[in-house]
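Enquirer: Line by line, the protein sequences give chains A and B.
Heads up: the first sequence begins at 1 in this note's numbering, then just goes up one per residue.
Heads up: the second sequence begins at 1001 in this note's numbering, then just goes up one per residue.
Protein chains: 2
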Amino acid sequence: MPRTSDPTRDRILDAASCLFYAQGIRAVSVDAVAEAAELTKRTLYYHFKSKDDLVAAYLQSRDQPNLALFAKWFNAADGAIADKVGAIFTHLAKAARHKKWKGCGFLRTAAELANMPGHPAIKIGSAHKKKFEAWLADVLATAGVEEPQALARQIVLLMDGAFSVMLVHRDASYVEAAGKAAAALVHLSEIRTAERPSLSNKSQLSR
Amino acid sequence: MPRTSDPTRDRILDAASCLFYAQGIRAVSVDAVAEAAELTKRTLYYHFKSKDDLVAAYLQSRDQPNLALFAKWFNAADGAIADKVGAIFTHLAKAARHKKWKGCGFLRTAAELANMPGHPAIKIGSAHKKKFEAWLADVLATAGVEEPQALARQIVLLMDGAFSVMLVHRDASYVEAAGKAAAALVHLSEIRTAERPSLSNKSQLSR
DNA sequence: TTGTGTATATTCACTGGTTGGTATACTTTA
DNA sequence: TAAAGTATACCAACCAGTGAATATACACAA
């Protein structure tokens, strides 16, 4: 029976995460992961049944930490809902300026494995993105925004667009542009909400 | 002296485009390209000095056709500027429903080669995306929209976001959502333009 | 027309290295 | 002792790239 924590497995996963994110899936060999984890390939194959399995585990291990980070950025920000959404992009822009930043691991993996639609790693990526979109729709709904699900999807598109465009241009101002667009779309929803005669006008409408 | 058209080179490029787009860069071997082009690997290496060179040529060959396609979709659409921009997304959504569609080759290549920042293929991708953004800013400016460059960038972010998210979810409704967001942002710019007292109100403002 | 030189274009066979994955035996630990 | 975990050594297939020989095409001279 598997223990709840497995140090060796975690060490492999840490090494795999580092390498896969930095260099890509197919560019990193199982040998390279084993060497980085300071053990032999045979041991790695004792803990993971194949490379595909390892790749899936890599993305799975990034699921909760990533979601938690976005939530932290959102919750730590002051101001109206548009400002809190904007804060996510501001933090993202800062992270994107780091040399080691290489975009979104989920999107890059999906891009690389686009010819394997049923790959477990892509399913994990899909679930991750869905979770983020659902969380965003939830906080938007709580803030009383009109059509929170549609707005959340639009913001996700801007965010993932920024992730991807950055890989081509390496210019963090694209992330800021995405943040401005997101804030504008949030304001637009707030205006629509305020205009609706059946609802009392929201006090947090900043202008 | 090289001829203006080189059938053999073109045949290699066609085979490479097919395979690289369908399966990804590192997933396709030079042998596979040579076999698809019905010649030996050694002949391929006579026309291209390396695989990297071939990859760059592949993207270069997609530059103008892609831009022309977007321009065609835009020009063929009737209505206000927001509708013409929306038409690009509508056509994109239709294309995205095809089984063989695998997103944007430029973005996917950049995602796969993210660990090689100076790779010629990424530079070609960057130039391609810049060209599209500049073209979009130009048509927006011609339509009399406020801040055409900022708006063009936001639309590009939505479009590339749709390209990328589609690889994860395979759900064309994301493209439609991006189109709606783009149209909303265009309308927002038009409203701002109409509100500006120093400019006479534009006649093409549809509503 | 025929022969010859030359640059272009193509092929076969090969290299040295890497790949994902495994058969088997050894070591640790409960 | 028995199971879990690790290591050595190995495999067949594949990889990007190359050396040397060859085939083709065309210019020009005899």
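Ideal placement from N, C-alpha and C gives every residue a C-beta, glycine not left out.
1) Please compile the residues from chain A whose C-beta is within a distance smaller than 7 angstroms of the C-beta of Ala1114 of chain B.
2) Taking DSSP as the reference, what is the three-state secondary structure of Gly161 of chain A?
3) What residues of chain B sit near Lys49 of chain A, judged by a beta carbon separation below 7 angstroms?
4) Within its chain, find whatever has a CB closer than 6 angstroms to the CB of Ala172 of chain A; leave out the 5 residues flanking it on each side and keep chain order.
5) On the three-pair Cβ rule with 8 angstroms, is the region 62 to 71 of chain A touching the region 39 to 47 of chain A?
6) Spatial neighbours of Arg11 of chain A within its chain, please: C-beta separation below 7 angstroms, excluding the five flanking residues on both sides.
7) For Lys102 of chain A, is the classification buried or exposed, using 16 other Cβ atoms within 10 angstroms of its Cβ as the cut-off for buried?
8) Near Ala1183 of chain B, what residues of its chain come up, given a Cβ to Cβ distance below 7 angstroms and the 5 sequence neighbours on each side ignored?
9) Once you ignore the five residues that flank Leu151 of chain A on each side, which residues in its own chain have a CB closer than 7 angstroms to its CB?
10) Taking the continuous alpha helix (DSSP H) assigned at Asn66 of chain A, which residues delimit it?
11) DSSP on Met1166 of chain B, reduced to helix/strand/coil?
12) Please name the residue in B:Glu1133, B:Ser1017, B:Thr1008 whose C-alpha comes closest to that of Pro1148 of chain B.
13) Does chain A have any CB closer than 7 angstroms to the CB of Asp1160 of chain B?
14) Under a CB-based cut-off of 7 angstroms, is Ala177 of chain A close to chain B?
15) Does the CB of Ser1164 of chain B have a neighbour CB from chain A at under 7 angstroms?
16) Could you give the first and the last residue of the continuous alpha helix (DSSP H) run that contains Asp1138 of chain B?
17) Tell me which residue opens and which closes the alpha helix (DSSP H) that Ile12 of chain A is part of.
18) Less than 6 angstroms between the CB of Glu1146 of chain B and some heavy atom of the ligand FAD, yes or no?
19) Between the alpha carbons of Ala57 of chain A and Ala1110 of chain B, how many angstroms are there, rounded?
20) Taking the alpha-carbon positions, what's the Asn1201 of chain B to Pro1120 of chain B distance?
21) Using the beta-carbon of each residue, which ones in chain B are nearer than 8 angstroms to Arg97 of chain A?
22) Going along the chain, which residues of the region 123 to 149 of chain A sit with their C-beta nearer than 8 angstroms to a C-beta in chain B?
23) Cutting at 7 angstroms between CB atoms, please list the residues of its own chain near Ala181 of chain A, excluding the five before and the five after it.
24) Would you mind telling me which residues of chain B sit closer than 9 angstroms to Tyr174 of chain A, beta carbon to beta carbon, in chain order?
25) Check the C-beta distance from Gly105 of chain A over to Leu59 of chain A and give it rounded, since I have them as a contact under 8 angstroms.
26) Which residues of chain A have a Cβ atom closer than 9 angstroms to the Cβ of Arg1042 of chain B, listed in chain order?
27) Ser1164 of chain B and His169 of chain A look like a contact to me (Cβ under 8 angstroms); what is the Cβ gap, rounded to whole Å?
28) Using alpha carbons as the reference points, say which of A:Pro7, A:Val33, A:Thr8 lies closest to Val55 of chain A.
29) Could one say the Cβ of Ala1111 of chain B lies closer than 7 angstroms to chain A's Cβ atoms, at least one of them?
30) Quick check: what's the CA-CA separation for Glu1219 of chain B versus Lys100 of chain A?
31) Classify Thr43 of chain A as helix, strand or coil using the three-state DSSP reduction.
32) Quick one: which chain B residues come within Cβ less than 7 angstroms of Ala27 of chain A?
33) Applying the 10 Å Cβ sphere with the 16-neighbour rule, what's the burial state of Lys1130 of chain B?
34) What distance in whole Å lies between the Cβ atoms of Gln154 of chain A and Ala1177 of chain B, which are believed to be in contact at a cut-off of 8 angstroms?
35) Does the beta carbon of Ala1093 of chain B sit closer than 7 angstroms to a beta carbon anywhere in chain A?
Expert: On the basis of the coordinates in this document:
1) Numbered from 1 along the second sequence, position 114 holds the residue referred to as residue 1114 of chain B. Chain A residues near Ala1114 of chain B: Gly24, Lys102, Gly103, Arg108, Leu167.
2) Start at 1 with the first residue of the first sequence, and residue 161 of chain A comes out as number 161. In the structure shown, Gly161 of chain A sits in a helix (DSSP, three-state: H, G or I).
3) Mapped onto the first sequence, residue 49 of chain A falls at position 49. The contacting residues do not exist; Lys49 of chain A stays about 21 angstroms from chain B at best.
4) Start at 1 with the first residue of the first sequence, and residue 172 of chain A comes out as number 172. The answer, listed in chain order, is Ala93, Ala96, Arg97.
5) no
6) Within the first sequence, the letter at position 11 stands for residue 11 of chain A. Hits under 7 angstroms: Ala37.
7) Residue 102 of chain A sits at position 102 when you count from the first residue of the first sequence. When all chains shown are included, Lys102 of chain A counts as buried.
8) Counting from one through the second sequence, the residue named residue 1183 of chain B turns up at place 183. The residues are Ala1082, Val1085, Gly1086.
9) Here residue 151 of chain A refers to the residue found at position 151 when the first sequence is read from its first residue. Contacts found: Leu140, Val145, Leu185, Val186, Ser189.
10) The residue labelled residue 66 of chain A in the question sits at position 66 within the first sequence. That run of the alpha helix (DSSP H) goes 51 to 76.
11) Position 166 of the second sequence, counting from 1, holds the residue named residue 1166 of chain B. Three-state result, Met1166 of chain B: helix.
12) Indexing the second sequence from 1 puts residue 1148 of chain B at position 148. Nearest C-alpha to Pro1148 of chain B: B:Glu1133.
13) Residue numbering aside, residue 1160 of chain B sits at position 160 when the second sequence is read from its first letter. Asp1160 of chain B counts as touching chain A.
14) Here the question's residue 177 of chain A lines up with position 177 in the first sequence. So yes, Ala177 of chain A belongs to the interface.
15) In the second sequence, counting from the first residue as 1, residue 1164 of chain B sits at position 164. True, the Cβ-Cβ gap to chain A drops below 7 angstroms.
16) Along the second sequence, read from residue 1 onward, the residue named residue 1138 of chain B stands at position 138. Asp1138 of chain B -> alpha helix (DSSP H) spans 1120 to 1142.
17) Working through the first sequence from its first residue, we reach residue 12 of chain A at position 12. Looking at the DSSP string, the run of the alpha helix (DSSP H) that includes Ile12 of chain A is 7 to 23.
18) With respect to the ligand FAD, the structure shown offers nothing to examine, as it has no ligands at all.
19) For the purposes of this step, residue 57 of chain A is identified with residue 57 of the first sequence, where counting begins at 1. For the purposes of this step, residue 1110 of chain B is identified with residue 110 of the second sequence, where counting begins at 1. In a straight line, the C-alpha of Ala57 of chain A is about 24 angstroms away from that of Ala1110 of chain B.
20) One-based indexing of the second sequence puts residue 1201 of chain B at position 201. One-based indexing of the second sequence puts residue 1120 of chain B at position 120. With a pLDDT of only 41 at Asn1201 of chain B, under 50, the local geometry of the prediction cannot be trusted, and the value read off the model is given with reservation. The alpha-carbon atoms of Asn1201 of chain B and Pro1120 of chain B are separated by roughly 46 angstroms.
21) For the purposes of this step, residue 97 of chain A is identified with residue 97 of the first sequence, where counting begins at 1. Those do not exist, as Arg97 of chain A stays about 14 angstroms from chain B at its closest Cβ, beyond 8 angstroms.
22) Gly125, Ser126, Lys129, Lys130
23) Here residue 181 of chain A corresponds to residue number 181 of the first sequence, with the count starting at 1. Excluding residues within five positions, the ones whose Cβ falls inside 7 angstroms are Leu158.
24) Residue 174 of chain A sits at position 174 when you count from the first residue of the first sequence. By Cβ distance, chain B contributes Arg1153, Val1156, Leu1157.
25) Mapped onto the first sequence, residue 105 of chain A falls at position 105. Mapped onto the first sequence, residue 59 of chain A falls at position 59. Contact flag correct, Cβ pair sits at about 7 angstroms.
26) Within the second sequence, residue 1042 of chain B is the residue found at index 42, counting from 1. In chain order: nothing, as chain A lies at least about 25 angstroms away.
27) Within the second sequence, the letter at position 164 stands for residue 1164 of chain B. Within the first sequence, the letter at position 169 stands for residue 169 of chain A. With 8 angstroms as the limit, Ser1164 of chain B and His169 of chain A do not qualify as a contact, their Cβ atoms being about 14 angstroms apart.
28) Taking the first residue of the first sequence as 1, we reach residue 55 of chain A at position 55. Of the listed residues, the one whose Cα sits closest to Val55 of chain A is A:Val33.
29) Along the second sequence, one-based indexing puts residue 1111 of chain B at 111. Yes, Ala1111 of chain B lies at the interface with chain A (some Cβ there is under 7 angstroms from its Cβ).
30) Outside the displayed range of chain B (1001 to 1207) lies residue 1219 of chain B, so it cannot be described from this structure.
31) Position 43 of the first sequence, counted from the first residue, corresponds to residue 43 of chain A. Looking at Thr43 of chain A - three-state DSSP - the assignment turns out to be helix.
32) Mapped onto the first sequence, residue 27 of chain A falls at position 27. Result: Arg1026, Asn1115.
33) For the purposes of this step, residue 1130 of chain B is taken as the residue at position 130 of the second sequence. Classification for Lys1130 of chain B: exposed.
34) Within the second sequence, the letter at position 177 stands for residue 1177 of chain B. Within the first sequence, the letter at position 154 stands for residue 154 of chain A. Contact flag correct, Cβ pair sits at about 6 angstroms.
35) For the purposes of this step, residue 1093 of chain B is taken as residue 93 along the second sequence, with counting starting at 1. No, because no Cβ of chain A sits closer than 7 angstroms to the Cβ of Ala1093 of chain B.
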